[in-house]
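Those protein sequences? They're chains X and E, same order as listed.
This note's numbering numbers the first residue of the first sequence as -16 and each following residue consecutively.
This note's numbering numbers the first residue of the second sequence as -16 and each following residue consecutively.
Here a beta-carbon is modelled for each residue, glycine too, at the ideal position from N, C-alpha and C.
A quick write-up on the structure given underneath.
2 protein chains.
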Amino acid sequence: MRTHLIVAAIVLTVATAAAQTAPPPVVAPIPAAVQANVDRLQTAALGSDLAYDIVEGLTTEIGPRLAGSDAEAKAREWAVAMLRRNGFQNVRIEPFSIPYWERKVERATVITTHGRQNLVVVALGGSPAADVDAEIVRFASLAVLNDASPESVRGKIVFIDEPTNRTQDGTGYGAGVAKRGQCGMVAAAKGAAACIIRSVGTHSHRFAHQGGSTHPRTAPTAPSAAVSPPDADQLTRLLARGPVRVKLEIGVETRASAPSGNVIGEVVGRERPDEIIVIGGHLDSWDQGTGAIDDGAGVAITTAAAKLIRDLPRRPRRTIRVVLFGAEETGIHGGIAYARQHAGVMGKHVVAAESDFGAREVYRMRSRFGEGAVPYARAMQRALSPLRIIAGDNLAGGGPDLGPMRMVGVPMVELSQNGWDYFDYHHTPDDTLDKIDRAELRQNVAAYATFAYLSAEMDWDFRKPAETAAPAAR
Amino acid sequence: MRTHLIVAAIVLTVATAAAQTAPPPVVAPIPAAVQANVDRLQTAALGSDLAYDIVEGLTTEIGPRLAGSDAEAKAREWAVAMLRRNGFQNVRIEPFSIPYWERKVERATVITTHGRQNLVVVALGGSPAADVDAEIVRFASLAVLNDASPESVRGKIVFIDEPTNRTQDGTGYGAGVAKRGQCGMVAAAKGAAACIIRSVGTHSHRFAHQGGSTHPRTAPTAPSAAVSPPDADQLTRLLARGPVRVKLEIGVETRASAPSGNVIGEVVGRERPDEIIVIGGHLDSWDQGTGAIDDGAGVAITTAAAKLIRDLPRRPRRTIRVVLFGAEETGIHGGIAYARQHAGVMGKHVVAAESDFGAREVYRMRSRFGEGAVPYARAMQRALSPLRIIAGDNLAGGGPDLGPMRMVGVPMVELSQNGWDYFDYHHTPDDTLDKIDRAELRQNVAAYATFAYLSAEMDWDFRKPAETAAPAAR
């Protein structure tokens, strides 16, 4: 114990000395007048319920907004009216088409020697219809199923009981979601009749977690559904007693083509209107809940942030474009359509950030800039620090709809939200307005307003490569 | 501030003096050999998962156990086998008949100018079938509806949005549940087409809370259903925007008579086998969840407690009778049947306690004894204090199935459980095994074993009136 203390003291001394001698990070300067506007925006955001009112309106008046559905179309009309009411310019819908899939019915019943029990299930996005009555075979993870012999699962229902780890940054979801995407294909490849997965999610409530899964038309695929975590536990306990039969029924409606679209509104730049800052969220939702945290919140946060910037005495130099993407949940269709429709002007897209991780506080800002532009990230991080946001790395992913833009080199910012309880609600019937805290939503608006305003007002090139970086004042 | 401190100091001095001079409460003595068995029982209970295994078995193998259903019959068979396996004597079913009601389907859809939204609802116990499409009228409470004119609700669906307060002892439920029992009658009396209530419950999840409601055959009654709390909020928000129409469909199955029964097992007394200590819970459950906390836990706690007493080197003087009541949820049918079937020997029922308030720790022991028997309650409370159980008053209600026995003068004990989160799960799909904590269940078993053993071993008359009370040694 004593030895450890001495070592710790030495390490601490060395670390302190290193910190004292290391050069401070280079931070781009922000003029006082611009900083004054940042302060004004933050104060306004922290005192405004505009974002809450937007997500309240969307989730109340429209409710669930399945990609390609009539409800999603109503949500676009709603969003156009809302953007116009808030004084946005160039408000428009950029339409595109998507393949349509809707769950119409799903039922799962356990059949034991004592009788029948209903399970809480939801058909996974893209699943074919099913009417299967077969024994289930449990696998602790997708990896274990991958190793299983076809003989052991042929004609049966594979059951992947892999849990989801609770993490602040969503990495637990990333690890746990593979089974959702792949179970239908893997099951079919091994000759299984269907696939049931333990819901991707961190709660222990009787909610089954919806989400997309891969069901290619060109390869065999099996019907797939998720069971709630308590039902997954029930299956495991029943299997400990002997063979378990499940009757799984799934009814779906599919159409080759259905309408979707991105809704756009702008605060047009006063000097360089063709240079674009993109912020936004996605307008569609899965259909069990009302899509409050996924992603009414993102729609509301980014719209409210842009509206506050619009309300400044003068508009910033560049254009802030709010993009409310359509059909994210069923395949990032809106993000792909946007990148395609604006392919010719991607070089004019200065930077982009999507809010699509709930409604909790932002705790960190990450960037994905050219190495020479890191001082601009530092400047933003310094401006965000009064909001209790820490500096992150330069490896931001950006939101799901920004993937296609990121791949062609558009700089990204990620305002990382605390996702500790996001997967308690995400994609379940429980994604409703009551899960949103007004104060946390305000902090998000303040963060987006700060980032978007600085990006639009300052003469910063976020693509700046390392070799051209000029020394920046501290 | 200073004045307050002086006053506080004086009050404290007086209070301390009073405490020093007040006579100590009279506590009946417990012989060392008996206390040794109490210690042995508590140690055994705190180290045993028997109760957990019982509730695990019941909720896994049988699952939901609606009163009068095939599943409840299977649960009786299961309980008989379980009691025999655990060495109980005189294991038997005491059958009775009940009117049968089962919800087959329920759907509620809000119809707005923007489209339709599904609500999470459950038909209330006893509700007639419905196919209603009407405007809803909101009332903040049952009291406000009671004051409403028939003209204001005629042909409409009344919506009672009264919340449930979170309390440790369940009094919030008592206050909130009146609307569930009465809404169908009140609605019908005023000419309304149906009644929708905000779920009785303290959570904010998309679960609708099931429960009995009064639908007399001799008076007009309206179909009634509960909506989940987030859906109730949604209705209120929609109503703030204008009129709201709801389509409510309820399908039910009813039969005049269905079989139910109480399952009984005994640890027969070694000296006075005809003197009975009753402990138990109820075997039936509502059908959305698996009835883990309501009331698999009560079945498990009391059975495990009696089994531990049975395992002592010798059985206590009096008989401990475990009664697993049938059909509690739909009208306390099991408790009524028991009191009727044993009416001739109620005088031989020494004391009774039912565990039907979840699976959280016991924090208090209350009694309902003759005034002369209060020293016995004090003795029990002292014996329970190592389990962190405090002394309560002499106004115990006893559990719901004990009401008929209480009314004919059988002494009662209440081992009050912490009900802080009970109404987060109670009567919803979320009443499942994962909500039970093994350690808390063990503490319950220790408490019931202590109470039941002392009641069966000691020569205590809990009916003892005040005037005959002999001075008890401290």
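Separation of residue j from residue i, as counted between CA atoms
i	j	result
alanine 439 (chain E)	phenylalanine 190 (chain E)	42 Å
threonine 96 (chain X)	serine 207 (chain E)	35 Å
serine 196 (chain X)	glutamate 89 (chain X)	16 Å
histidine 217 (chain X)	glutamate 118 (chain E)	Looking at the sequence shown, residue 217 (chain X) is not histidine but glutamine. Roughly 41 Å between the two C-alpha positions.
aspartate 384 (chain E)	tyrosine 436 (chain E)	21 Å
proline 14 (chain X)	aspartate 36 (chain X)	33 Å
threonine 43 (chain E)	leucine 416 (chain E)	8 Å
serine 52 (chain X)	valine 246 (chain X)	15 Å
serine 132 (chain E)	glycine 248 (chain E)	54 Å
histidine 188 (chain X)	glycine 318 (chain E)	32 Å
glycine 252 (chain E)	isoleucine 303 (chain E)	7 Å
glutamate 311 (chain E)	tyrosine 408 (chain E)	18 Å
arginine 425 (chain E)	serine 31 (chain E)	7 Å
tyrosine 431 (chain E)	aspartate 414 (chain E)	23 Å
glutamate 354 (chain E)	alanine 360 (chain E)	10 Å
asparagine 427 (chain X)	glycine 281 (chain E)	46 Å
arginine 460 (chain E)	serine 135 (chain E)	With chain E covering only -16 through 457, there is no way to say anything about residue 460 (chain E).
arginine 457 (chain X)	arginine 365 (chain X)	Any answer about arginine 457 (chain X) is weak, because its pLDDT of 46 lies below 50 and its placement is not dependable; what the coordinates show is given next. Rounded to whole angstroms, arginine 457 (chain X) to arginine 365 (chain X) spans 11 Å at the Cα level.
alanine -9 (chain E)	aspartate 376 (chain E)	A caution first: alanine -9 (chain E) carries a pLDDT of 43, below 50, which makes its placement in the model too unreliable to give a value.
threonine 313 (chain X)	aspartate 257 (chain X)	31 Å
alanine 11 (chain E)	alanine 362 (chain E)	5 Å
glycine 40 (chain E)	proline 412 (chain X)	29 Å
arginine 99 (chain X)	alanine 320 (chain E)	28 Å
Residues sharing a beta bridge with residue i, DSSP
i	result
phenylalanine 79 (chain X)	X:Ser243
valine 306 (chain X)	X:Ile247 and X:Gly263
histidine 332 (chain X)	X:Ile259
glutamate 89 (chain X)	X:Ile233
arginine 349 (chain X)	X:Glu397
phenylalanine 142 (chain X)	X:Arg121 and X:Ile179
asparagine 101 (chain X)	X:Thr92
glutamine 72 (chain E)	E:Glu249
valine 115 (chain X)	X:Leu231
arginine 238 (chain E)	E:Tyr83
isoleucine 373 (chain X)	X:Arg347
Residue j beta carbon less than 8 Å from that of residue i
i	j	result
valine 305 (chain X)	alanine 289 (chain X)	yes
leucine 221 (chain E)	glycine 263 (chain E)	no
serine 399 (chain E)	aspartate 114 (chain E)	no
valine 210 (chain E)	serine 182 (chain E)	yes
leucine 291 (chain X)	alanine 27 (chain X)	yes
arginine 293 (chain X)	glycine 70 (chain X)	yes
aspartate 429 (chain X)	leucine 33 (chain X)	Looking at the sequence itself, residue 429 (chain X) is alanine, so the reference to aspartate does not match. Against a cut-off of 8 Å, the Cβ pair of leucine 33 (chain X) and alanine 429 (chain X) comes out as no contact.
glycine 402 (chain X)	valine 38 (chain X)	no
tyrosine 405 (chain E)	isoleucine 372 (chain E)	no
isoleucine 419 (chain E)	isoleucine 276 (chain E)	yes
isoleucine 76 (chain X)	lysine 230 (chain X)	no
threonine 147 (chain X)	threonine 185 (chain X)	yes
alanine 356 (chain X)	tryptophan 269 (chain X)	no
valine 333 (chain E)	phenylalanine 445 (chain E)	yes
cysteine 178 (chain E)	alanine 202 (chain E)	no
glycine 157 (chain X)	histidine 410 (chain X)	no
Same chain, Cβ closer than 8 Å to residue i, neighbours up to 5 away in sequence not counted
i	result
valine 235 (chain X)	Trp84, Glu85, Arg86, Lys87, Ala106, Ser110, Pro111 and Ala112
leucine 378 (chain E)	Arg349 and Arg351
arginine 137 (chain E)	Lys173, Gly174 and Ala175
serine 80 (chain E)	Ser240, Ala241, Pro242 and Ser243
Same chain, Cβ closer than 6 Å to residue i, five either side skipped, listed in chain order
i	result
methionine 441 (chain X)	none
valine -3 (chain X)	Bear in mind that a pLDDT of 44 at valine -3 (chain X), under 50, signals an unreliable position, so the number given afterwards is only what the model happens to contain. Cβ neighbours of valine -3 (chain X) beyond the five flanking positions: none.
valine 160 (chain X)	Val183
arginine 459 (chain E)	Examination of residue 459 (chain E) is not possible in this model, given that chain E is present from -16 through 457 alone.
alanine 374 (chain E)	Gln364
Residue-chain proximity (residue i, chain B), Cβ-Cβ < 8 Å
i	result
glutamate 423 (chain E)	Here the protein chains are X and E, and chain B is not one of them.
Cβ shell of residue i (< 7 Å), same chain only, five flanking positions each side left out
i	result
isoleucine 45 (chain E)	Ala54, Lys57, Ala58 and Trp61
lysine 447 (chain E)	Gly353, Gly355 and Ala356
Quiz item: Do the segment 170 to 181 of chain X and the segment 378 to 397 of chain X meet, that is, are 3 or more Cβ pairs less than 8 Å apart?
Solution: Too few Cβ pairs lie closer than 8 Å, so no.
Quiz item: Do the segment 321 to 341 of chain E and the segment 253 to 270 of chain E make contact, defined as three or more Cβ pairs closer than 8 Å?
Solution: In short, these stretches touch, since the Cβ pair count reaches three.
Quiz item: Taking one C-beta from the segment 280 to 288 of chain E and one from the segment 223 to 240 of chain E each time, how about it: are there three or more such pairs within less than 8 Å?
Solution: Contact between the segment 280 to 288 of chain E and the segment 223 to 240 of chain E is not established, with fewer than three Cβ pairs separated by less than 8 Å.
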